[in-house]
Structure formats: C-alpha cells, structure tokens
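Per this note's numbering, numbering of the sequence shown is gapless, rising by one per residue and ending at 426. Beta carbons: idealized from backbone N, C-alpha and C, even for Gly. See below for the structure under consideration.
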Amino acid sequence: MKILKSSFAVVERRAEHAVKFFYSHLFWHNPGVRALFPDSLHEMERQRDRLFAALTHVIAHLDDGTLRPYLHDLGRDHRKFLVRPEHYAAVGASLLAALAETSGAAWTPPVEKAWAEAYQVIADAMTAGAEGSEDPPWWDAEVVRHLQYGPDIGVLTLRPHLPFPYLPGQYTSVSSDRVPTTWRTYSIGNAPRPDGTVDLHVSRIDRGRLSTALVRETRPGEVLRLGAAGGQLVFRREDRPVSLIAAGTGWAPIRAMLEDLAERPPDQDVRLFVVARDGAHLYDRPLIDAYAARCGWLAVTYITPAPGRHRNQATDRLATALGHRGMWPDQDVYLSGPPQFVDETAHLLQQLGARPGRLFHDAVPARGPEPGDRPLGFGEWFLNPPAPHWHNPSARAPRSY
Ligand SMILES: Cc1cc2nc3c(=O)[nH]c(=O)nc-3n(C[C@H](O)[C@H](O)[C@H](O)COP(=O)(O)OP(=O)(O)OC[C@H]3O[C@@H](n4cnc5c(N)ncnc54)[C@H](O)[C@@H]3O)c2cc1C
Ligand code: HEM
Numbered sequence: 026m027k028i029l030k031s032s033f034a035v036v037e038r039r040a041e042h043a044v045k046f047f048y049s050h051l052f053w054h055n056p057g058v059r060a061l062f063p064d065s066l067h068e069m070e071r072q073r074d075r076l077f078a079a080l081t082h083v084i085a086h087l088d089d090g091t092l093r094p095y096l097h098d099l100g101r102d103h104r105k106f107l108v109r110p111e112h113y114a115a116v117g118a119s120l121l122a123a124l125a126e127t128s129g130a131a132w133t134p135p136v137e138k139a140w141a142e143a144y145q146v147i148a149d150a151m152t153a154g155a156e157g158s159e160d161p162p163w164w165d166a167e168v169v170r171h172l173q174y175g176p177d178i179g180v181l182t183l184r185p186h187l188p189f190p191y192l193p194g195q196y197t198s199v200s201s202d203r204v205p206t207t208w209r210t211y212s213i214g215n216a217p218r219p220d221g222t223v224d225l226h227v228s229r230i231d232r233g234r235l236s237t238a239l240v241r242e243t244r245p246g247e248v249l250r251l252g253a254a255g256g257q258l259v260f261r262r263e264d265r266p267v268s269l270i271a272a273g274t275g276w277a278p279i280r281a282m283l284e285d286l287a288e289r290p291p292d293q294d295v296r297l298f299v300v301a302r303d304g305a306h307l308y309d310r311p312l313i314d315a316y317a318a319r320c321g322w323l324a325v326t327y328i329t330p331a332p333g334r335h336r337n338q339a340t341d342r343l344a345t346a347l348g349h350r351g352m353w354p355d356q357d358v359y360l361s362g363p364p365q366f367v368d369e370t371a372h373l374l375q376q377l378g379a380r381p382g383r384l385f386h387d388a389v390p391a392r393g394p395e396p397g398d399r400p401l402g403f404g405e406w407f408l409n410p411p412a413p414h415w416h417n418p419s420a421r422a423p424r425s426y
C-alpha cells in the first residue's frame, strides 16, 4: 500500500508523459481497441484525466470498503463502452509498461509486483461487476418528445425499451449515434412514472458535442443509449428540515425530488431556492408556483440579480438570501447546478453553519475546463454565462418536434 502510494507520487509528477505512453502502447499493441475510444484528440485528453483520476481514487481507497462497490459499478458500466473481459489484460500490460517507463530507477521488482497485484485486484473486481450484473450493458431509449425552449435548451422525453430503474435525483449517462463513443451525464428530470418515460433537460454548450446534437438535431423516433443510473443526490427522509437549492439545469434532479415529495409529503418543512441569472429566465416557474400553492410544507425563494447590477452584487444577493433564511446547522441541504455554483455555494453554506455531512450534491469534477473555455467564478457564471442554462416556458411557447 505504502509502496504504491509513493510510487504513484513519482508517476504523478510525470503524469502527462505516462498517459501518452500508456495510450500509444495500448493502441500500438492492440489496434482494435482504438475504436472503443473517442476519435477526437480533445476527447482523448479528457479520457487521460479520467484515467488518472480513477487511478488516484483507487490507490487512495485500496484499503477501505468503499472501493469494491465503486469498482463493481465501474466494471458494469464499462460494458456500455463495449469493453470485454480480455481487454483488461491488455490495459494492465500497457499500464505497467507506462509506469515502468515513467518511474525510471524507482521501478524496482517490489514496486512492479505491488502494481501488478493491485491492478489484478482492480481488474478482477471490475470484471466481476460486469459479469455479475443483471442489468443490460445499456438501455435503448426512444425519443418520444422533444420540447425546444429557445435555441439552446431542449427537454427530451425518452421511453426506455426495458424497465429503467432509478431514484429521484439520480443521473444517467447518455450516448447518441450522432456522436459515436461519446457519453455524457444528464440528470433525470422526473420521478419514476407509470409509463416509464424519463425527461432530460439539456442546455446546449457552445461547441459542446453531445449537448448540441441533443438540443439541435435529435428528433422523436430516434433511439439514444442510457447507462445505469447513479449519483448520491437522493432524498434522505431524516427527521430534519430540508433546503433544496437549484441553479441552471441543476433544476432537473431537484424537480424529480420535488415530484416525489409531492406524492409522499415529508413530515418536515422544505425550502426551495431557485437561482436564475434574471427574472425572465426562471425555468419551470409556473410549475414551481403550482407546487408552492398546493404544498403547505413548501416555501419557495427565487433568487435573481437586480437588472443591470454588477456581477459581484449577484453573488451578494445569493449570500444575503441564504443568510436571511438561516438555521443552516439544522438543515439537510441538497444542492444542484453548474460545478462552480455547487462549489462556491457549498463553501458559502458552510460559512453560514451548514454541516458538511448534511450537504448533499453530486461530485464536482476536480478539474474544470481550461481557463478561457468558460467563466471561472460563480459571479461570472451568474451574470454572464457562456451558454443559457435556463429557459422561460411562459415567455415563448416551446416548439415541439
Ligand atoms: C452529475 C452531472 C449531471 C449533469 N446533468 C446535466 C443536466 O441535467 N443537463 C445538462 O444540460 N447538463 C448536465 N451535465 C453536463 C453534461 O454532462 C455535459 O457536460 C454537457 O452537456 C456538455 O457536454 P457536450 O458533449 O455538449 O460538451 P463537450 O463536447 O464535452 O464540451 C465542449 C466544450 O465546452 C466545455 N464545457 C463542458 N461543459 C461545460 C459547461 N457546463 N459550461 C460551459 N462549458 C462547458 C468543454 O470544456 C469543452 O471545451 C451534468 C454533468 C454532471 C457531471
Ligand atoms: C482496470 C482498470 C480501469 C479503470 C480504473 C478504468 C477507469 C475508467 C474511468 C473512471 C472512466 C470514465 C468513466 C465515465 O466517464 O463514465 C473510463 C472510461 C473508459 N474506459 Fe476504462 N478503466 C479501466 C479499464 C478499462 C479497460 C480494460 C478498457 C478497454 C479497453 C477501458 C476502456 C474505457 C473506455 C472506452 C472509456 C470511455 C472513454 C470516454 O468516454 O472518453 N477501461 N475508464
């Protein structure tokens, strides 16, 4: 364990070189494997990051109990990438070759043995997860409705061909033949329905590959692929008051939870904070108002900046609104929105006394896009987002395809 961590520290310093060597080695010795990965260079860069993030995670958790379920799910989910059991040996050989090449003199027989054993543990757990799963590798799901709100938002209703299990608040991964070998994560925007359909709320990202295909091109009758649902943003029915905070397409999982709560009302009060960059862009406001009128346990606060205010004042306005409501130490807080928003709001809430163990959100990617790709701070996102995250159904009737 110790030997692995210190060896990884050596590799991490030359991570860029290690991952390049790894993929060159893998594709040179196994040309057929190249087709499993995205063809664009940009995508491969991202995949490199994921590989190292996964390796770091695995090494950090090698001796705790959380690793096995993670690897089981990862192996189960790798079936949707068309990964077969025999690929694990090929990846293992290339990984060891890359580590040896990167470590130089630090690559000793005990180090090599420790890595080989650790990889085998990981590969065995992943293949066991793949072989033991009763789920299909993916769910084919037909697009039955596409509502378009302005140029950059689409709400897609899908009908999976097989029952698709999930909990309100969870997300799924999505792939389309229009963008082969590309999978992205989207929250499911509804509680389970009797007809089994699921809604995805997609904001188109400028130059975004899948979001553009989903919002601008995908039409009813097409079939998408869904990966198994996942994520920790599921409602815990604890004996505590609850705050739900949603921004951008982060509204989708909060809406799913709210639909579920409306069906099975909670014993505690629920405060819903809906953050939008301006009043005209309050997504789903008619629906939220209807819930507020119907559900005595629900109090809704809309947070929008005053028109023309400086962007920093928008951040202040959120801080003020959250500060005024108070009682954060008592609350279970569910937080959903763009990564910077989640990061900064979680920080703010902790300053206001919210307990970290009662603050629930999906993992915020450790590394966002490069500077210049999109605004970095919450204030910047809030007033000057790179692409619309909200739409206003009441301002313009959605177009239906
Ligand atoms: C847990 C989770 C849940 C999510 N739920 C939703 C959801 O319900 N609805 C939804 O629309 N999206 C959601 N996303 C984001 C989604 O997974 C994709 O990242 C997004 O649609 C962009 O994918 P793409 O293929 O279009 O863009 P890519 O081709 O991956 O990216 C194109 C360019 O845009 C940059 N970029 C990527 N993401 C963003 C962003 N958010 N803002 C600005 N620039 C960006 C990239 O760095 C790249 O330069 C969720 C993400 C996570 C992790
Ligand atoms: C054994 C250890 C392995 C680990 C820890 C690992 C880890 C990961 C992780 C964390 C992801 C990102 C998952 C996601 O975004 O949903 C991923 C994606 C992927 N993995 Fe693996 N993986 C392993 C083995 C393999 C093997 C044997 C193959 C087969 C060649 C493989 C092929 C892929 C592909 C094709 C993707 C998708 C690439 C993309 O979307 O950019 N992996 N892997």
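Leaving aside the five residues before and after R342 along the sequence, list all residues of the same chain whose C-beta is less than 7 Å from its C-beta, in chain order.
Counting from 1 along the sequence shown, the entry for residue 342 is found at position 317. So the list reads I328, P330, once near-sequence residues are dropped.
With hydrogens ignored, establish whether the beta-carbon of T274 is closer than 6 Å to any heavy atom of ligand 1.
Taking the first residue of the sequence shown as position 1, residue 274 is located at position 249. Yes - ligand 1 has a heavy atom lying nearer than 6 Å to the Cβ of T274.
Whole runs of the alpha helix (DSSP H) within the segment 328 to 382, excluding any shorter than 4 residues
Whole alpha helix (DSSP H) segments, 4+ residues: 336 to 350, 364 to 376.
Rounded to the nearest angstrom, how far is the Cβ of P190 from that of R104, given a contact under 8 Å?
Counting from one through the sequence shown, the residue named residue 190 turns up at place 165. Counting from one through the sequence shown, the residue named residue 104 turns up at place 79. Between R104 and P190 the Cβ distance is about 16 Å, and since that is not below 8 Å, they are no contact.
Whole-number beta carbon distance between R234 and T207, since they are thought to touch under 8 Å
In the sequence shown, counting from the first residue as 1, residue 207 sits at position 182. In the sequence shown, counting from the first residue as 1, residue 234 sits at position 209. T207 to R234, Cβ: 6 Å. Contact.
Where K115 and P185 are concerned, what is the direct C-alpha to C-alpha distance, given to the nearest angstrom?
Position 90 of the sequence shown, counted from the start, is the residue given in the question as residue 115. Position 160 of the sequence shown, counted from the start, is the residue given in the question as residue 185. Sequence check: residue 115 is Ala here, not Lys. Cα-Cα distance, rounded: 34 Å.
In the DSSP assignment, find the alpha helix (DSSP H) that holds Q173 and state where it starts and stops.
Counting from one through the sequence shown, the residue named residue 173 turns up at place 148. Q173: not part of any alpha helix (DSSP H); member of the beta strand (DSSP E) spanning 164 to 174, first to last residue.
Just to confirm, does R203 get its C-beta within under 6 Å of one of the non-hydrogen atoms of ligand 2?
Counting from 1 along the sequence shown, the entry for residue 203 is found at position 178. Checking every heavy atom of ligand 2 against the Cβ of R203, none is found closer than 6 Å.
Which of the three DSSP states, helix, strand or coil, is assigned to V240?
To locate residue 240, count along the sequence shown from 1; it is residue 215. DSSP, reduced to helix, strand and coil, places V240 within a helical segment of the structure shown.
Are L312 and V295 close, meaning C-beta to C-beta below 7 Å?
Translated into positions along the sequence shown, residue 312 becomes position 287. Translated into positions along the sequence shown, residue 295 becomes position 270. Taking 7 Å as the cut-off, the beta carbon of L312 is found no closer than this to the beta carbon of V295.
Would you identify the three-state DSSP class for F260, choosing helix, strand or coil?
Indexing the sequence shown from 1 puts residue 260 at position 235. DSSP places F260 in coil when its eight states are reduced to three.
Near E167, what residues of its chain come up, given a Cβ to Cβ distance below 6 Å and the 5 sequence neighbours on each side ignored?
In the sequence shown, the residue the question calls residue 167 occupies position 142. Cβ neighbours of E167 within its own chain (closer than 6 Å, five residues either side excluded): R184, V248.
Let's test the definition: count the other Cβ atoms within 10 Å of the Cβ of R101 and tell me whether it reaches 16, buried, or not, exposed.
Reading the sequence shown from its first residue, position 76 is the one you call residue 101. Classification for R101: buried.
Contact between the segment 172 to 183 and the segment 214 to 229 (3+ Cβ pairs under 8 Å):
A contact between stretches requires three or more CB pairs, one per stretch, nearer than 8 Å, and the segment 172 to 183 meets this requirement with the segment 214 to 229.
Would L192 and V267 be called neighbours here (beta carbons separated by less than 7 Å)?
On the sequence shown, residue 192 is found 167 positions in, with the first residue counted as 1. On the sequence shown, residue 267 is found 242 positions in, with the first residue counted as 1. No, these two residues do not count as a Cβ contact at 7 Å.
Can you check which of these residues, A281, Y174, G255, R265, is closest to P217 by C-alpha distance?
Taking the first residue of the sequence shown as position 1, residue 217 is located at position 192. The shortest Cα separation from P217 among A281, Y174, G255, R265 belongs to A281.
Tell me, which residues are paired with Y211 by DSSP?
Working through the sequence shown from its first residue, we reach residue 211 at position 186. Looking at the DSSP assignment, Y211 forms a beta bridge with T197.
Compute every distance between the C-beta of V199 and the non-hydrogen atoms of ligand 2, then say whether any falls below 6 Å.
As a working note, residue 199 is residue 174 in the sequence shown. If you check the C-beta of V199 against ligand 2, you find no heavy atom less than 6 Å away.
CB contact flag (Y196, G256, <7 Å)
Here the question's residue 196 lines up with position 171 in the sequence shown. Here the question's residue 256 lines up with position 231 in the sequence shown. For Y196 and G256, yes; Cβs fall inside 7 Å.
So is the beta-carbon of S21 under 6 Å away from any non-hydrogen atom of ligand 1?
Absent from the model: residue 21. The displayed extent of the chain is 26 to 426, so no value can be given.
Just how far apart, CA to CA, sit G252 and V108?
Residue 252 sits at position 227 when you count from the first residue of the sequence shown. Residue 108 sits at position 83 when you count from the first residue of the sequence shown. Pairing G252 with V108, the inter-Cα distance amounts to about 14 Å.
Tell me where the alpha helix (DSSP H) around G321 begins and ends.
In the sequence shown, counting from the first residue as 1, residue 321 sits at position 296. According to the DSSP assignment, G321 belongs to no alpha helix (DSSP H), since it is labelled neither H nor E.
Best match in A301, G246, D292 for proximity to D264 [C-alpha to C-alpha]:
Reading the sequence shown from its first residue, position 239 is the one you call residue 264. Answer by Cα proximity: D292.
Nearest-angstrom Cα separation, counted from S119 out to S31:
Against the sequence shown, residue 31 aligns to sequence position 6. Against the sequence shown, residue 119 aligns to sequence position 94. Going from the Cα of S31 to the Cα of S119 covers about 20 Å.
Do L258 and ligand 2 come close, with the Cβ less than 6 Å from some heavy atom?
Translated into the one-based positions of the sequence shown, residue 258 becomes position 233. Result no, Cβ not under 6 Å from ligand 2.
Tell me which residues share the same chain as S20 and place their Cβ nearer than 8 Å to its Cβ, disregarding the 5 neighbours each side in the sequence.
A query on residue 20 cannot be resolved here, the shown segment of the chain reaching from 26 to 426 and no further.
Tell me the rounded alpha-carbon separation between G194 and V204.
Taking the sequence shown and counting its residues from 1, one reaches residue 194 at position 169. Taking the sequence shown and counting its residues from 1, one reaches residue 204 at position 179. Their backbone Cα atoms lie some 26 Å apart in a straight line.
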